[in-house]
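Using the numbering used here, read the sequence shown as starting at 503 and increasing by one per residue.
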Amino acid sequence: MGFALAALYLVCHGMALTVSGQASLPSFLFLTAAPLMACIACLWRVRRDGLMSGWLAPVIAMLLWAGGMAATMYQEIGRGNVDALSAFSMLLYVLYGVPIVLALARARQERWYANLIDASLAALLGALFSVQTFWYAHLDVIDGTGLAGLRLMFDAENAFIAAFALLRFLGAEHPSRREFFGAMSLFTGVYFIVASLINHFTSDIAFGAYVDLLIDVPFLVLILVALRPATTAAPRVSRRLVRVVRAGRPLILPLCLLVVSALVLEHHPELAVVGFIAATVGVGARSTLQQVGLLERQEALDVMARQDALTGVANRRRFDQVLSEEWQRAQRGNHVLALLLIDVDRFKQFNDRHGHPLGDRCLQSVASLLSACAERSTDLVARYGGEEFAVVVPLTPRDGVLALAERMRAAVAASSSSSQLPPVTISIGVAFASDVAGDQPDALVAAADAALYAAKHGGRDRVALHAPASALSAAHSRS
């Protein structure tokens, strides 16, 4: 149906050229209407897919192009300053590509400062395009040499946009992004071919000829692809290509800016220098910010690797690492090292009675209370597994360790009266490295676990201290 309507539009345009006595005016109307209809189709996609879908860029581009054609029409029918309007219309044709380049350079989720850099480069790109367009128009008025320069600029811009649109399409993973870049690739590719044919082979033919039908084609193509139903199937894309495109995407705007700056170097060297500097600074700033983002993500991953997702305290991996380090330090320097193993009493019954969501909240509350009690930066509170927690306490006297354990037990017991959660208690087993035999930290864990077992069987909600083997032997001898 869509292809039939597009063909009908071309037929109507051709008939208007045939039957009209003044063919240029109706042809201009068709040539202006085509980008405006494409603008409406893209605006519909913005409404359907959202403002950040990328479709706003072709909306702006089509308005600029339609404005250029309207200015050309006004010029051709002799109702204005021919030279000024010629330069103005050419400028609008050139500027149509700026929003598309900006859309191709942007990522789907970009930080605000990256968007600000891209927008600044795009604004400077538009300014340099303006300078270059008016310079070529000025040359054409003086000696007729500006037209060749305009053709070169149009060719470079159109080829550049089409190539990068194709590259973004090939490297797009998300279905909606791949659909957008596919639409831009098809449109800009057809536009490049048609514009090259018009500019190089039919530029001497006035508007109102059948060759005008070619100009409709890119916009009709854009309408057709914009009105297609959305696709949800995940595309199969080379991961290497995806990485290459992601890495090279930030270079699109600076590269385009460098090319245009090189074009204006001969007649506006000061502006060319501004363009060169802006492109260099833009790449450098983006690279720096990207590196900062990578470091932040790496730090976040490091935290995730060390932190229990539910409770926010250290995880088992971090506990094993710290315990091993503190054990070796204690062995080398004969320092005090204590380990507390903590178990939430009757947690299975708590979960069965109140449900897992409330059980998770209970564990979070206990972890928070334990962390609040362990005030020293050298103390480590970790989730040992399930409803069990562990606290590594280095360089603390025995009385201080036992006081800490009792403070933790009392804090959890006292919270039951003030918390909205059902009451819970904890049992704590305490062991000191100096009281265990063995050269590995597993011996300390086993001793603390034995003390925890004693606390559980002694009535729960209490602290039990592991007795060293020598003390047990002496007590047995006295008995």
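The beta-carbon is built from N, C-alpha and C at its ideal position, and this holds for glycine as well.
Tell me which residues share the same chain as residue i and place their Cβ nearer than 7 Å to its Cβ, disregarding the 5 neighbours each side in the sequence.
i, result
"Y595", "W567, G570"
"T574", "S591"
"G887", "R818"
"V521", "none"
"F683", "A667, R670, F671, A674"
"L565", "C541"
"N987", "The structure shown does not extend to residue 987, since the chain spans only 503 to 981, so no value can be given for it."
"D657", "S698"
"A572", "T534"
"S917", "S867, L871"
"G556", "A605, F682"
Mapping DSSP to helix, strand and coil, what is residue i?
i, result
"Q800", "helix"
"Q922", "coil"
"G931", "strand"
"A966", "strand"
"L729", "coil"
"L688", "helix"
"L882", "strand"
"E772", "helix"
"Q987", "Missing from the structure shown is residue 987; the chain here goes from 503 to 981 and no further."
"V829", "The sequence shown places Trp at residue 829, rather than the Val named in the question. Here W829 sits in helix by DSSP."
"H676", "coil"
"T704", "coil"
"E612", "coil"
"E877", "coil"
"Y712", "coil"
"M655", "helix"
"R863", "helix"
"A508", "helix"
"L531", "helix"
"L767", "coil"
"V739", "coil"
"A543", "helix"
"D620", "helix"
"Q577", "helix"
"Y598", "coil"
Going by DSSP, name the residue or residues bridged to residue i.
i, result
"E890", "D845, G887"
"Q809", "A816"
"A840", "V895, F934"
Ignore the nearest five residues each way along the sequence and tell me which others in residue i's own chain have a CB closer than 6 Å to its CB.
i, result
"P752", "R788"
"G691", "A664"
"A840", "V895, V903, F934"
"A913", "L871, C875"
"A559", "P601, I602, A605"
"L716", "V696"
"L724", "A540, F689"
"W829", "P943"
What is the C-beta distance between residue i and residue j, in whole angstroms, given that I count them as a contact (C-beta under 8 Å)?
i, j, result
"P731", "L825", "Contact doesn't hold; Cβ gap of about 58 Å is too wide."
"I928", "V846", "6 Å"
"A884", "R831", "Wrong, their Cβ atoms sit about 17 Å apart, outside the cutoff."
"S867", "L923", "6 Å"
"A945", "H968", "Actually they do not touch by this definition, with Cβ atoms about 11 Å apart."
"S529", "F709", "6 Å"
"L773", "V633", "6 Å"
"V893", "D901", "About 16 Å separates the two Cβ atoms, so there is no contact after all."
"L757", "F778", "The pair is not a contact, with the Cβ atoms about 12 Å apart (cut-off 8 Å)."
"A616", "L791", "6 Å"
"Y687", "D551", "First, the amino acid is wrong: residue 687 is Ser here, not Tyr. At roughly 17 Å, the Cβ-Cβ gap does not stay under 8 Å, so S687 and D551 are not in contact."
"W614", "H769", "Not a contact, Cβ separation roughly 36 Å."
"E659", "G599", "5 Å"
Counting only the same chain and skipping the five closest in sequence on each side, list residues whose C-beta sits under 8 Å from that of residue i.
i, result
"D718", "Y511, L512, H515, F532, L533, A536"
"R863", "L923"
"L743", "L672, G673"
Relative to the ligand FAD, is the shortest distance from any of its heavy atoms to the C-beta of residue i smaller than 7 Å?
i, result
"S789", "Absence of the ligand FAD is noted for the structure shown, with no ligands found whatsoever."
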